[in-house]
Each structure stands twice: as structure tokens, then as C-alpha cells.
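Enquirer: First, the structure itself, so that you have it in front of you.
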Amino acid sequence: MDQGRHIGGERRVSESYMVVGRLVSLSISAHRQENTIDGRSITGTTHSHTFIFTQTPTGKLTVSKSPVLYVFGLWDEPSAEETIVNTERTNKLHTERLLIEKMVSIDDLKQIKLAYDEFAKAGIDKLDYSQFKSVVENCPGLKGVKESHIKQLFMKIDFTCDGKIEWHEFCTYVYLENEAKEETLRRSKMAAFVLPAKVKFLKHGKPVKRIHLPSNGNVVTLREDGTVHFWTPELHLKSKKKVLPERTVVRKPKWATDFVPMPEYDKLIIGTASREIQFYELSSLEPCCQLSELETVPSHLDYCSTGSDECIIVYGDTQGCVNILLITSIREKLRLWKRLPQVDDMPNVSLDRAIMSPEITFIRWKVHQDCVSKVKYFQSIPAIVSSSAHEESALVIGLFHPSTYMQEQMIALPKVSEKRKSTKVPQKATREQTIFTVSKGVMTFDFCEKQNLLVTGGMDTLLRMWNRHVPTRPRGILKGHKAPVSYLCISSEEGHIYSVSKDKTAKIWHIKDEMCLFTANPDASNIRGELSACLYSSAVKGLYIVSDSLALLSLQTKPQPKGNQILSHEEPVLCCGYSEEFKQVVSCSQGSVVKVWDVETGAQMFEFGGAHGKSAITCIAFDSSGRRLVTGGIDGCLKMWNFNNGQCVKILKKDGKCDQICDCLYLKLHRKAFVVSVGWDRRIDIYEDFKEETQKTQRPKHSWQDDVRNGHKEDILCISQCPPHHLATGSYDGEIIIWNVVSERILCRFQIAQPTPPQSSSSFSVIHPTTIPSLIFLKTRAFVQELSTAACLLSSDSKGHIHFWSILNGGNFITSFQASQQAIKKLALTSDDSVLFASDFAGYIYAYNIKQYALKPEKNPPEKVNFWRAHTDNISSLKIIEDRYVLTSSWDFSMRLWSIHGELIGTFGQNEKWCIDTPSSRRHPSQPNLERETESFIKSDEAKNEKSESAVLNIDSDPPMINLEDGPNSSSLLPELGKRQCRPKRTSDRKGLRDYLSFEDSDFIFTLPTIKKPDLSKVLSNNADD
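Its first residue numbered -12, the sequence shown is counted upward by one per residue in this note's numbering.
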């Protein structure tokens, strides 16, 4: 986790201030206080950092911790020249209603500081709400701010519920909120390679000169000895052939210098060290013809089709010249050359003879004072760009359009003597070319017309970003490589630059922000040997690197939604909750990202990532005030947050290795408060929530003796609380234990019947235990003497049943019924315990009227008053909000809000904001899509049943089972977490989080009933009347 957001105590601003230039001078001492405010900036120092509050000329207030700058609030729109990123516009992290945090200007901040100083003179260091409210209302720029907004800001800062806040707490809140916003912005732009790279080791031989990926889909490589290899994009060798002749007694060996494909004519062009350009059939590698007797050795080739049966071939040579061949009627010309006499088994034509043809124009000019390292024709400009190691002519752009070529645009090479001795080639006219001077020259470059961006790289390890019309100074410099940059590529679609240095380090850069997003060093990518060639393919979404091996660094791709499906997170949403204090919804994902949403509009208010590092967040709970959030993760840690600014105020964990946490809750007991967690360690861990922060990391209390001796023997999956002092826990083996928190002893325990082992001795027979995914108390019945025989505890199991239990007088089973053919994952109740909501693995929600149910043993199930499909995958959380709304989250990457009657209000993350009290705003583009997915789900499963009926596993007398899979494939994100398996009763077989969320997903019957949405208001009104 980011240590900068770890503990609030390290980030709080102390009462000491310093001078920043001539702008501000603030000094506070214990005996005397002097304030001098003059300018546009206020600073505050922490124990290890300095915050600087600054207002830009346009009025934007920023807070920075050198050297990083963070946006604090927006007063006026920024100018186009400002480099500060406006996170409000970029990420849409705020509601349409302007929050008070965003309205504060530098003058308001100074006014607030002066007000705090006045209170300090009177001996008041902390302001209560009424004092804070008066301070804010007296700020000139905050006139007319709603009292509710001031109240919310006060509560966000006063997350400990002290009722008072200090100046340093205000500064801490501001800084951490904007630090988290900056991290969110960076995370939204993140790109990464899949490591390690996919590597295909090559046999020893000459180095690979270049790699291409023609339009035919094959990856083509050329070795120096003339061996051409054809690979699939996945690095499977298809064929190879050596095209250059072998060395003989009378014939010297030939060496290839470069090659380029001609896909429009199915040809391959190869340059050789024998001053030749050879043409081969691309499909068969059969020789076609060659141009011989070039002036010098071609060091780098390029080709472009410029029209119907027209092309341009450009090559740089060892004398620093750029050579251009303009060829019309190219098909006919190659056909004629193929009939010419052969030299070294290749039809041959000399360059002098070839350019005598009217269909061929040859231009050559002296550009560089060193060998040309790269040359490329950009048809979009149009221009020829070349580079060399010579600093004074490191890169040259020469405007050139083949169809409008005129003699004065290029100064041609004088005629060559019969002895073929070179004469000096005149320099091209400066008015027709742009020359870039770069220290230590340029080895590679790329140009993007869409962004008018030219990027160069070379021996000095820097990437320079240029405007092609301004050669005097680069518009940006990217630092990070530690070796010369030998390859780079601009991907305008992604807004990235990909670069590779000689030490085989690959980097991804963000063009707009000029920052490095990802670095793949050779140790992580497993690429060995000396670098020889590179190629980035936007089609493959990967970077090919050739050394002693052929390696592919694939880009990590984000999961794409189905059709118009809207995503709330980029990973499965594993838990969510509702803070009544702020009227906000908090959701947590498998990627350890926490998001805060406004329940009244569905707008995202805030988010922070890396809450548990790279570990998934499995459960959350709010404290009794609703101002702090407790998260539990796969890493075995509990963390307590001020979720409105991403400040981690406490870490709760055991010593040593920690097992995964499956569920947690916040418990109030008399005057004390506790955080309770359960998980794979099979123990109930209790942490006392001290009023004062005594330490950053807190250890749990000693385990109860009854828990150690008589507790669960399997992993604990869920926990539920019943006031005043009782807990219920459910485990993987179907055991439920009721605990008395005060006496720390077991009150009673229940055991769900487990399936009988099959009679067959087949090794494929697997027994799935009936587990307990969810527990909930009927609090209106619990410990009521008149209802001592009535059920007051509900449990769900992995077979789709809901069980009712009485816990008084030693406990007793009352009744049960099957709610679904799928595992019932979550249970929720209205506040009067009259309506039970249950969600299953297929994404369905069922509502039952249980007001008078299970008061005694029952034979019939309760009345089902509603059901609907809420998601296309397992529902991970189910919450009832104010008895009016249903909140759901799912492994399908979404979180949705429904009315209590099952009407969809919206999906968190959709573009259109809703008004929770306005039914007309409850429109959602994915609702028709959800119904279509349901229909396709039925059809696909029917097809699966027809094809695989004979291969279906039967356990006991259970009906045939089918595999259930719908919605985004979340398991593709994290293979360890997403691996599905039939888990026997052994702890060593646990693989990851989803084992418990889908432990029997391959053995479910799924029958989709007709989707209806009955009116639940009658049931609720009847209950109210009762």
C-alpha cells in the first residue's frame, strides 16, 4: 500500500510554518503568535513533508507536497496553457452539485487560517461544529453554501467523532483527498506488459537484422546470413529459408543489412552488404530480381505504396546519403527484370541501367555526415525522415511528394565516372528541409501526424518529443532509460510511446502527461542476450523483442463489457455497503480499489486504490458512526479508513502469516467497540477500537478458550451479530455456532446435513460439502420470551436452501425451504424483519413475506412476493437501504440500485445521473441488455444440456447438473483467484477467493422462471398495518 496514505498521524500538519519565497510568512509559537499573509500561497510543514497551498492566476487552488502538485479546488476554468490536471473533468469523480471542498479559494483558506488563529488566542485550538460553521460562512467566497454541505465536510474531517477539528486536521484532509485523486488519475491511465514475456529461444547463429509483421498476419524475421523465418503472432515457427547464396571457393558470402516487405505486390526487399537490393516472392521466398552496383551499402530500407501500381523505395547508406527510387508500373517492371540474365542465380540489373527507364526516378542527396541509422517515408506529411549519429545532422526531415516531384526540390548526385568512384554529394537546400541537432545523435525515431508529435531516441538514453516545425528545442524530454534507446514507437490510439533500450528494458510512456507508466526490465521479462531488433504491433497489442530469443511482451488488457453493459469497477465487485451518515455507497473490488458513490444520484464521489496492495478486498463494515470504513482482504489484514479522503487510520492484523479474511463486522458492547473478523484461520479475531489512536498496527485480543477448544474445525465463511451480545458464525463444513460475547462461550451449535458419499467407487466421484455462505438474525424476535420457540436466526446453504433456527433453550431447528436451484449467497431483511431478500449464484433476487413465518415448525415455504434477475453473475453483496431500496454488487463488475419492488434505478458508473426520488430518471441502458443476456443464457444452457447430457456428473439422486457461466469472465483477471475447482474437505486444496464463492458452480441445476415484478407495496402496507 502507498505509505504516503498509511497513517494519518504521519501526515498531519503541525503548528509550524515557513516562508515560501516572498509570498507568505506564518509563524506560530507556544507563547506568541505572529501572522503575516501577503501573496497567493500558504505553507504548512508536517513531521516529514511540506504542504504548499497555491492559487494559480486563473484562481485554481492547489495543494502540493514537493515536488508533486495536486489539485485542491476549482474556482475558475483553467487556461489551455496550464499543466495542472483537472481531475474533476478528467475522471468525473464528483457530483453535479458543487461540493464545498471544491469551492475553497486561496483567500478563503487564508480567512479560515486567520479565524483559527483568533480562536487560538482565546485558548481554543479545536473548533466544534457551530464554530467551524461560523468560520466557513464568514468566508467571502463561500457565501450561500448550504448548511448540509458544511455539516458533511465537518463530519468527513471529524471521522473520529470527537465533535471538534483542528487546523492540522483540516490540512491533512485536504492533502490526502487530493493525493488519492492524483493516484486515481494515474491509475486510470495505467498500462502494463504481461510479465514474464512469452519467449521462443532461437538457435545460435547470426543476429536478426529486423522484424516485420506484414498484412498477411505472419511475423517475419531476417538474420544477417539471409535466413528468413515466418512465425505466427504467438511465436510458433511456420517455415524458414535461407535466401542468400552459400559461400563457395569462388564466391564470397553475402550478408543481409535490412529488409522490408512489399505486401501489395507479394514481394520482400532485402538489402545486402554487396551493394544490392534484392526482390523475393513473399509467399515462397523464390528469387525475383536484384538491383546491383549501388553507390554504397544500403544500411536501412523503407517502402511505401504511393498509388495504383506505384511505389517509393527509400534507403539510407553508409555515406550518410538518402536514396530514393520512384517506380511506376512496378508490376510490369519487376516482370521484365525477372527475365534478365542472372548473376549468382538471381536475375540482375544494375542501378545505372535501371534508372534509364522512364518509369524509374532516382534521387540521392547528402544529408548526414555519418551512416544513416534509420530512414522512413511518411506519406501523410509527406516527407522523408532520416537519422544518424552525427550531432549536427542527427535528424533531417525533407519534404517530398512523389507525384509532384520537381527537379529543384532535390539536388541530384552528379554523374559518376566509369570507374564508379563516388564524388561529393551536394547538401540539400536548407529551405526544403528541417535539421534537428541532438546530442550524441539519433538512433531511432517515430512520427504521429494525429498528434503532430516527433519522438527521437539515441545514445544519451533520453526520449525527446518534438514539434516537427520547431527543431530548436524539444517540447518534452522523457527520462528513465539507463542505456541507449534503440527502438521506439508511437501508438496514437492508446496515447502511448513504447521504447526499448540496448539493455532490453522496455517502457510504456503516457504522451499527454509525459510520464512513464510501466517498466519491464530484463530480469522481469526473462529476455536474455544482445538486443538486435524490435517491433510493436497494435494489431497484436504487443511488443516483439529479438535477442538470443524471440520474445513477445503482451499488453495487459482490461475486461470488455458485453454489449452496452456498464461497469462500476474494472474488476469484480466483491462487497459494498451504505453509510447512512453521508448517504453514500462504498464498493470494493478484486483489484483492491475502493469507490465512494452518491446514492441519490449514482455519481462517483471519490476513489482510492491499493487499499490492500494487490490483494482483493473480501468484506467491509462501517463503524457505529458511519464515518469510518473497515476493510478485510485476502492478505489477512483489516484496515480502518476515513473513506472520504483515503486515509488509513489503523491496521489490524495478527503476527506472522495471516490467512484470508472472509467476513467482518463492527460490534458495540456497552461503552466499548470492537472489530470482529473470521476467515481461513478458523478463529474469531477481536480487535478493540480504542478511542485514542495508540499505535499504527494493532494486534487482536487473545482467542476465546471455548473457540480454541470447541470452535470451528473448518474455515469460517460468515458472521452475524444480534444485540446485545450474541454472534453467529458459519463455516465451510455446514456448522453454525452461536456465541455469547460477554461470557466468551458457545451458546448452541447446529450442523447442516451433509450429502451422502456415492456408492460408486469411481475416482471421479467428488463430494461437495453443504456450506454456509450467509447468516442473519431476526432481531425483532431474538431473546423475546413470548417468541422463545420461534425462529430468530436464518442461514443459507450452497444447495439453495434457507434454514430457520431458534437459539433459546439450547437451540432448535424450526423449518427450511428451497429458495433456488442455485446456492443462496446473501440474505437481507427489512428493518421490521417482515420481508426477506435472498440472492443466488445466478444473479437472481427473491423476496419472501416472513412476518408470521417460522413462529412454529412449518411444512410449506413462505409466500414469494417478488423475484428478478439483478446481475448476470454471482451477487457478492445484498443490502437494504432505509427499507426503500435494494443495493446489489456482483462478480459481473457492476453495482446496482433497485427500488424495494425490484425496479431498476440505475447502475453505479452509468453516464446518466438519476434522482432517487424521481421515477422518470430511473432509466438504464443495460436493462434491456440484461433481459437479452437472460434469454441468451437460457438458449446457451439448453444447447449445453443437449450436447453434454451424457457427460454430466450425478451425485446421489441429484438431478443432472450443468455448468453456469454468464457475464464477464472475472476469472481471467487473476488466475489464482478465479480458479474454480471441486474442493474436497481439505484445507490444503484451497486455491483462492472464488473457491468459496463458486465452490459448486459446476454442479448446479438452473431453471429460469418467467421474470415478473409483482407490486410489493401491498405486502409492505399490510405489514405496516399489522
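We treat Cβ as the ideally placed atom computed from N, Cα and C, and that holds for glycine.
(1) Have a look at the DSSP bridge pairing and note the partners of P285.
(2) For D988, which of helix, strand or coil comes out of DSSP?
(3) Run through the stretch 115 to 146 for me and flag every whole alpha helix (DSSP H) of 4 or more residues, listed as ranges in chain order.
(4) Give the list of continuous beta strand (DSSP E) stretches no shorter than 3 residues that lie fully inside the stretch 333 to 400.
(5) Going by alpha carbons, who is nearest to E251 out of K637, E297 and K491?
(6) Using DSSP with H/G/I as helix, E/B as strand and the rest coil, what is A178?
(7) Buried or exposed for V695, please, with buried defined as at least 16 other CB atoms from any protein chain shown within 10 angstroms of its CB.
(8) According to DSSP, is L1014 part of a helix, a strand, or is it coil?
(9) For K97 and R658, I'd like the C-alpha separation in whole angstroms.
(10) Return helix, strand or coil for D585, following the three-state DSSP convention.
(11) Among the candidates A178, T431, D331 and Q591, whose CA atom is the shortest distance from the CA of T235?
(12) Under a three-way DSSP split, which group does E899 fall into?
(13) Can you give me the start and stop residues for the beta strand (DSSP E) that V663 sits inside?
(14) Is K437 helix, strand or coil by DSSP?
(15) How long is the line joining the alpha carbons of P849 and Y840, rounded to whole angstroms?
(16) Apart from the five residues just before and just after L522, which ones in its own chain have a Cβ nearer than 6 Å to its Cβ?
(17) Could you please give the first and the last residue of the uninterrupted beta strand (DSSP E) stretch that includes S881?
(18) Report yes if the CB atom of T259 is closer than 8 Å to the CB atom of W242, and no otherwise.
(19) Between V247 and V309, how many whole angstroms is the CB-CB distance? I'm expecting something under 8 Å.
(20) Less than 8 Å between the beta carbons of K151 and L114, yes or no?
(21) Which residues in the same chain have their Cβ closer than 6 Å to the Cβ of P971, if we skip the five residues on either side of it in sequence?
(22) Please state whether the Cβ-Cβ distance between I759 and I789 is less than 8 Å.
(23) Are L288 and Y302 closer than 8 Å when you measure CB to CB?
(24) Here's the rule: buried if 16 or more other CB atoms are within 10 angstroms of the residue's CB, otherwise exposed. What is G294?
(25) Could you compute how far the alpha carbon of F630 sits from the alpha carbon of M249?
(26) Looking only at its chain, what residues have a beta carbon closer than 6 Å to the beta carbon of E68, apart from the 5 residues adjacent to it on each side?
(27) Over what stretch of residues does the alpha helix (DSSP H) that includes S785 continue unbroken?
(28) Compute the beta-carbon to beta-carbon distance between S602 and S574, rounded to the nearest angstrom, for a pair I have assumed lies under 8 Å.
(29) Can you name the start and end residues of the beta strand (DSSP E) that N697 belongs to?
(30) For the alpha helix (DSSP H) that contains I317, what are its first and last residues?
(31) Since I believe L639 is in contact with I604 (beta carbons under 8 Å), could you give me their beta-carbon distance rounded to a whole number of angstroms?
(32) Report, in whole angstroms, the separation of the C-beta atoms of K655 and S611, which I expect to be a contact under 8 Å.
(33) Tell whether a beta-carbon distance below 8 Å holds between Q809 and D827.
(34) Mapping the DSSP letters down to three states, classify N454 as helix, strand or coil.
(35) Going by DSSP, what residue range makes up the alpha helix (DSSP H) through P248?
(36) Please return the same chain residues whose Cβ sits closer than 8 Å to the Cβ of E517, not counting the five positions on each side in sequence.
Expert: Judging by the given coordinates:
(1) Taking the first residue of the sequence shown as 1, we reach residue 285 at position 298. In the DSSP output, where bridge partners are listed per residue, P285 has D304.
(2) Position 1001 of the sequence shown holds residue 988. Caution applies to D988, whose pLDDT of 33 falls short of 50 and renders its modelled position unreliable; the value that the coordinates give is listed next. It is helical.
(3) 116 to 124 and 134 to 144
(4) 333 to 337, 347 to 353, 359 to 365, 370 to 375 and 382 to 386
(5) If you number the sequence shown from 1, residue 251 lands on position 264. Among K637, E297 and K491, the Cα nearest to that of E251 is on E297.
(6) Taking the first residue of the sequence shown as position 1, residue 178 is located at position 191. Of the three classes helix, strand and coil, the one that applies to A178 here is coil, per DSSP.
(7) Counting from 1 along the sequence shown, the entry for residue 695 is found at position 708. Exposed, since its Cβ has fewer than 16 Cβ neighbours within 10 Å.
(8) The displayed coordinates of the chain run from -12 to 1013. Any statement about residue 1014 would go beyond what the structure contains.
(9) The residue labelled residue 97 in the question sits at position 110 within the sequence shown. The residue labelled residue 658 in the question sits at position 671 within the sequence shown. About 40 Å.
(10) Residue mapping note: residue 585 aligns to position 598 of the sequence shown, counting from 1. It is a strand residue.
(11) Locating residue 235 in the sequence shown gives position 248, counting from the first residue. Considering only alpha carbons, the answer is D331.
(12) In the sequence shown, counting from the first residue as 1, residue 899 sits at position 912. Of the three classes helix, strand and coil, the one that applies to E899 here is coil, per DSSP.
(13) Here the question's residue 663 lines up with position 676 in the sequence shown. V663 -> beta strand (DSSP E) spans K659 to G666.
(14) As a working note, residue 437 is residue 450 in the sequence shown. Coil.
(15) Counting from 1 along the sequence shown, the entry for residue 849 is found at position 862. Counting from 1 along the sequence shown, the entry for residue 840 is found at position 853. Those two C-alpha atoms are separated by around 6 Å.
(16) Position 535 of the sequence shown holds residue 522. Excluding positions up to five away in sequence, the list reads I198 and Y531.
(17) Within the sequence shown, numbered from 1, the residue matching residue 881 stands at position 894. Premise fails: S881 is in no beta strand (DSSP E) and is neither H nor E.
(18) Position 272 of the sequence shown, counted from the start, is the residue given in the question as residue 259. Position 255 of the sequence shown, counted from the start, is the residue given in the question as residue 242. Cβ distance < 8 Å, so T259 and W242 count as in contact.
(19) Numbered from 1 along the sequence shown, position 260 holds the residue referred to as residue 247. Numbered from 1 along the sequence shown, position 322 holds the residue referred to as residue 309. Contact flag wrong, Cβ pair sits at about 15 Å.
(20) Looking up residue 151 in the sequence shown gives position 164. Looking up residue 114 in the sequence shown gives position 127. A contact, by the Cβ cut-off of 8 Å.
(21) Numbered from 1 along the sequence shown, position 984 holds the residue referred to as residue 971. Its pLDDT being 35, under 50, P971 is placed unreliably by the model, and the measurement read from it follows with that caveat. Closer than 6 Å at Cβ, skipping near neighbours: no residue.
(22) For the purposes of this step, residue 759 is taken as residue 772 along the sequence shown, with counting starting at 1. For the purposes of this step, residue 789 is taken as residue 802 along the sequence shown, with counting starting at 1. No. Outside cutoff.
(23) In the sequence shown, counting from the first residue as 1, residue 288 sits at position 301. In the sequence shown, counting from the first residue as 1, residue 302 sits at position 315. Contact: yes.
(24) Indexing the sequence shown from 1 puts residue 294 at position 307. G294 is exposed by the Cβ-count criterion.
(25) Here residue 630 refers to the residue found at position 643 of the sequence shown. Here residue 249 refers to the residue found at position 262 of the sequence shown. Their backbone Cα atoms lie some 58 Å apart in a straight line.
(26) Your numbering for residue 68 matches position 81 in the sequence shown. The predicted model places E68 with a pLDDT of 33, which falls under 50 and marks its position as unreliable; any figure quoted below should be read in that light. Excluding positions up to five away in sequence, the list is empty.
(27) Locating residue 785 in the sequence shown gives position 798, where the first residue counts as 1. S785 -> no alpha helix (DSSP H), and no H or E assigned at all.
(28) Position 615 of the sequence shown, counting from 1, holds the residue named residue 602. Position 587 of the sequence shown, counting from 1, holds the residue named residue 574. No, S602 and S574 are not in contact; Cβ-Cβ is about 16 Å, not under 8 Å.
(29) By one-based count along the sequence shown, residue 697 stands at place 710. Element bounds for N697: not the beta strand (DSSP E) but the alpha helix (DSSP H), Q692 to N697.
(30) The sequence position of residue 317 within the sequence shown is 330, counting from 1. First-last of the alpha helix (DSSP H) with I317: I317 to W324.
(31) For the purposes of this step, residue 604 is taken as the residue at position 617 of the sequence shown. For the purposes of this step, residue 639 is taken as the residue at position 652 of the sequence shown. Contact flag wrong, Cβ pair sits at about 14 Å.
(32) Here residue 655 corresponds to residue number 668 of the sequence shown, with the count starting at 1. Here residue 611 corresponds to residue number 624 of the sequence shown, with the count starting at 1. At roughly 5 Å, the Cβ-Cβ gap stays under 8 Å, so K655 and S611 are in contact.
(33) Working through the sequence shown from its first residue, we reach residue 809 at position 822. Working through the sequence shown from its first residue, we reach residue 827 at position 840. Yes.
(34) One-based indexing of the sequence shown puts residue 454 at position 467. Here N454 sits in coil by DSSP.
(35) As a first step, residue 248 must be located in the sequence shown, where it is residue number 261. It is not in any alpha helix (DSSP H) - P248 instead sits in the beta strand (DSSP E) that spans A243 to M249.
(36) Position 530 of the sequence shown, counted from the start, is the residue given in the question as residue 517. Hits under 8 Å: P194, S534 and D535.
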